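Student: Just so you know, we're using numbering that gives the first Met the number 0 here: the sequence shown kicks off at 0 and counts up by one.
Virtual Cβ for every residue (Gly too), placed ideally from N, Cα, C.
Just so we're clear, the structure is a prediction, and the values are computed from it rather than from any experiment.
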Amino acid sequence: MTFRLRIYNLLETNTRSGKLVNGAIMFLIIVNILAIILESVDSVGTDYEKVFWLFELFSVAIFTVEYVLRVWSSVESPDYQNKFTGRLRFVLTPMALVDFIAIVPFYLSMFFGFDARFLRVVRLLRIFKLSRHLKALDILTTVVRNEAGSLVAAIFILGVMVVLSAGGIYVAERGSQVETFSSIPAAMWWAIVTLSTVGYGDVVPGSVAGKLFGVLVMVIGVGMAALPAGIIASGFSSELQRRRDTFKLKVSQALQDGVITAKEQHELEEIGEELGLQETETETLQQVAALQEGNASMQTQQTCPHCGKSLTC
Numbered sequence: 000m001t002f003r004l005r006i007y008n009l010l011e012t013n014t015r016s017g018k019l020v021n022g023a024i025m026f027l028i029i030v031n032i033l034a035i036i037l038e039s040v041d042s043v044g045t046d047y048e049k050v051f052w053l054f055e056l057f058s059v060a061i062f063t064v065e066y067v068l069r070v071w072s073s074v075e076s077p078d079y080q081n082k083f084t085g086r087l088r089f090v091l092t093p094m095a096l097v098d099f100i101a102i103v104p105f106y107l108s109m110f111f112g113f114d115a116r117f118l119r120v121v122r123l124l125r126i127f128k129l130s131r132h133l134k135a136l137d138i139l140t141t142v143v144r145n146e147a148g149s150l151v152a153a154i155f156i157l158g159v160m161v162v163l164s165a166g167g168i169y170v171a172e173r174g175s176q177v178e179t180f181s182s183i184p185a186a187m188w189w190a191i192v193t194l195s196t197v198g199y200g201d202v203v204p205g206s207v208a209g210k211l212f213g214v215l216v217m218v219i220g221v222g223m224a225a226l227p228a229g230i231i232a233s234g235f236s237s238e239l240q241r242r243r244d245t246f247k248l249k250v251s252q253a254l255q256d257g258v259i260t261a262k263e264q265h266e267l268e269e270i271g272e273e274l275g276l277q278e279t280e281t282e283t284l285q286q287v288a289a290l291q292e293g294n295a296s297m298q299t300q301q302t303c304p305h306c307g308k309s310l311t312c
């Protein structure tokens, strides 16, 4: 095994050493987020400025080494075997871009002057690095990608409703509240807040026509605001079921010889982790698949292979 393959297995596989390394990186990310949040408190940020700076240097050094090693060892993956184009395609993957964004603000700040508050918010993007280690975030990303068409359609409909609502309230209120609803763009704040069912109350219609129109918009908003959430919830459920079915299929394939060997059990555990399934869930699915496989085998044995009739009669 080459050194590059060892690094790849350490960073990209679910071996015991790989879990330790990725667990340490995940812990460092969480501490980073907490440090950025605490640093935004003026008293804490001023008193411990040097500590925060040294911790930032340490974190960026670790994240930089991690990023370089991931890019360098990516050619060990069957998907990125070419040394140049393979690494280039890996660099352009979403997770590699997240890793790059996590470190690039620090290096840019060495050459360009950035507002500290802006730089702090950009550094908060490191939280997305957790999606590499938390499978729940990976499932959510997959759902958003799969349901992108439906979500775009829902957002488009919401945009149309915002424009129509802003236009309607502008016509109803322009006579009584000239400053508040002076134009359709000015009325869009009220339309967005009302359609999203937030209702801050800082801008409200005063006329009878405006209030009646507001009631209509609020009723429509209840359904419209729930539309994207419903799409994501449905997609999340479908994705989880698909992953469960995939795992059950792998278990059935492993049971074709009637027994699951230690090697097959280890492979199933790795597949379960890659699919984001909990250990208790994979055990339950294995039991269900084994039971179904056993029932199917018994049914086959009790049926004539020539005519298909039951042999128990």
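1. How about I28 and V59: do their beta carbons lie closer than 8 Å?
2. Please classify T193: is it buried, with 16 or more other beta-carbons within 10 angstroms of its beta-carbon, or exposed?
3. Could you give the residue range of the alpha helix (DSSP H) that holds Y66?
4. Return helix, strand or coil for N8, following the three-state DSSP convention.
5. With respect to the alpha helix (DSSP H) encompassing A252, which residues constitute its N-terminal and C-terminal limits?
6. How many angstroms separate the CA atom of K18 from the CA atom of Y7?
7. If you drop the 5 nearest sequence neighbours on each side, which residues of the same chain put their C-beta closer than 7 Å to that of L4?
8. Can you give the Cα-Cα distance for R384 and K249, rounded to whole angstroms?
9. What whole-angstrom Cβ distance do I191 and V161 have, given they're in contact under 8 Å?
10. With 16 as the cutoff for other CB atoms within 10 Å, does Y169 come out buried or exposed?
11. Let me make sure I understand the geometry here. Which of A23, R241, Y47 and L37 has the alpha-carbon closest to that of N145?
12. Is L267 buried or exposed, if buried means 16 or more other CB atoms sit within 10 Å of its CB?
13. Alpha carbon to alpha carbon, what distance is there between I138 and V90?
14. Under 8 Å: do the region 213–223 and the region 193–205 share three or more Cβ pairs, one atom per stretch?
15. Quick check: what's the CA-CA separation for T14 versus I100?
16. Please classify D41 as buried or exposed, where buried requires at least 16 neighbouring CB atoms within 10 angstroms.
17. Quick one: what's got a C-beta closer than 7 Å to S175's C-beta in the same chain, skipping five residues either side?
18. For M297, which residues of its own chain have a beta-carbon under 7 Å away from its beta-carbon, when the five flanking residues on both sides are left out?
19. Give the DSSP-derived three-state secondary structure of K82 in the structure shown.
20. Which runs of the alpha helix (DSSP H), 4 residues or longer, sit entirely within the region 134–161?
21. Quick one: which unbroken alpha helix (DSSP H) runs of 4-plus residues sit fully inside the region 104–129? Chain order, please.
22. Between W71, A147 and L254, which lies nearest to T1 when the distance is taken from Cα to Cα?
23. If you compare alpha carbons, which of F54, G22 and F83 is closest to L33?
24. Once the 5 residues before and after Y66 are set aside, which same chain residues still bring their CB inside 7 Å of it?
25. Expressed to the nearest angstrom, what Euclidean distance is found between the alpha-carbon atoms of S236 and W52?
26. Quick check on DSSP: helix, strand or coil for V90?
27. Considering only residues of the same chain and omitting the five flanking positions on each side of G44, which have a CB-CB separation below 8 Å?
28. Grouping DSSP H, G and I as helix and E and B as strand, with all else coil, what is P204?
29. Alpha carbon to alpha carbon, what distance is there between A23 and S251?
Tutor: The relevant details are as follows:
1. Here residue 28 refers to the residue found at position 29 when the sequence shown is read from its first residue. Here residue 59 refers to the residue found at position 60 when the sequence shown is read from its first residue. Cβ atoms of I28 and V59: not closer than 8 Å.
2. Residue 193 sits at position 194 when you count from the first residue of the sequence shown. So T193 counts as buried.
3. Counted from its first residue, the sequence shown places residue 66 at position 67. Run containing Y66: E48 to S72, per the alpha helix (DSSP H) assignment.
4. Here residue 8 refers to the residue found at position 9 of the sequence shown. N8: helix per DSSP, three-state reduction.
5. The count along the sequence shown starts at 1 and reaches residue 252 at position 253. At residue 252 the sequence reads Gln, which differs from the Ala that was named. That run of the alpha helix (DSSP H) goes V207 to A253.
6. The residue you call residue 18 lines up with position 19 of the sequence shown. The residue you call residue 7 lines up with position 8 of the sequence shown. Near 13 Å, if we compare the C-alpha coordinates of Y7 and K18.
7. Residue 4 sits at position 5 when you count from the first residue of the sequence shown. Result list for L4: E75, in chain order.
8. Because the chain in this structure spans residues 0 to 312, residue 384 falls outside the shown range and cannot be described.
9. Here the question's residue 191 lines up with position 192 in the sequence shown. Here the question's residue 161 lines up with position 162 in the sequence shown. Contact holds; Cβ gap of about 6 Å.
10. If you number the sequence shown from 1, residue 169 lands on position 170. Around the CB of Y169, 16 or more other CB atoms lie within 10 Å, so the residue is classed as buried.
11. Numbered from its first residue, the sequence shown carries residue 145 at position 146. The candidate whose alpha carbon is nearest that of N145 is R241.
12. For the purposes of this step, residue 267 is taken as residue 268 along the sequence shown, with counting starting at 1. L267 is buried by the Cβ-count criterion.
13. Here residue 90 refers to the residue found at position 91 when the sequence shown is read from its first residue. Here residue 138 refers to the residue found at position 139 when the sequence shown is read from its first residue. Whole-angstrom Cα-Cα distance: 21 Å.
14. yes
15. For this step, residue 14 is matched to residue 15 along the sequence shown. For this step, residue 100 is matched to residue 101 along the sequence shown. Going by the C-alpha atoms only, they are around 27 Å apart.
16. Within the sequence shown, the letter at position 42 stands for residue 41. By the 10 Å Cβ count, D41 comes out exposed.
17. To locate residue 175, count along the sequence shown from 1; it is residue 176. These residues qualify, in order along the chain: G205 and S206.
18. As a position in the sequence shown, residue 297 is number 298, starting the count at 1. Confidence is the limiting factor: at M297 the pLDDT is only 48, short of 50, which leaves the residue's position unreliable, though a coordinate-based value still follows. Here the set comprises nothing.
19. Locating residue 82 in the sequence shown gives position 83, counting from the first residue. Residue state, collapsed to three classes: coil.
20. Considered as a whole, the region 134–161 harbours 134–145 as its complete alpha helix (DSSP H) runs of no fewer than 4 residues, in chain order.
21. Taking only runs of at least 4 residues, the alpha helix (DSSP H) segments lying wholly in the region 104–129 are 115–122.
22. Here residue 1 is taken as the residue at index 2 of the sequence shown, counted from 1. Closest by alpha carbon: W71.
23. On the sequence shown, residue 33 is found 34 positions in, with the first residue counted as 1. For L33, the closest of F54, G22 and F83 by C-alpha to C-alpha distance is F54.
24. Here residue 66 is taken as the residue at index 67 of the sequence shown, counted from 1. Excluding sequence neighbours, Y66 sits near D98, F99 and I102.
25. Position 237 of the sequence shown, counting from 1, holds the residue named residue 236. Position 53 of the sequence shown, counting from 1, holds the residue named residue 52. Rounded to whole angstroms, S236 to W52 spans 43 Å at the Cα level.
26. Numbered from 1 along the sequence shown, position 91 holds the residue referred to as residue 90. In the structure shown, V90 sits in a helix (DSSP, three-state: H, G or I).
27. As a working note, residue 44 is residue 45 in the sequence shown. L37, E38 and F51.
28. On the sequence shown, position 205 is the one that residue 204 refers to. Coil.
29. As a working note, residue 251 is residue 252 in the sequence shown. As a working note, residue 23 is residue 24 in the sequence shown. Between the alpha carbons of S251 and A23 lies a distance of about 35 Å.
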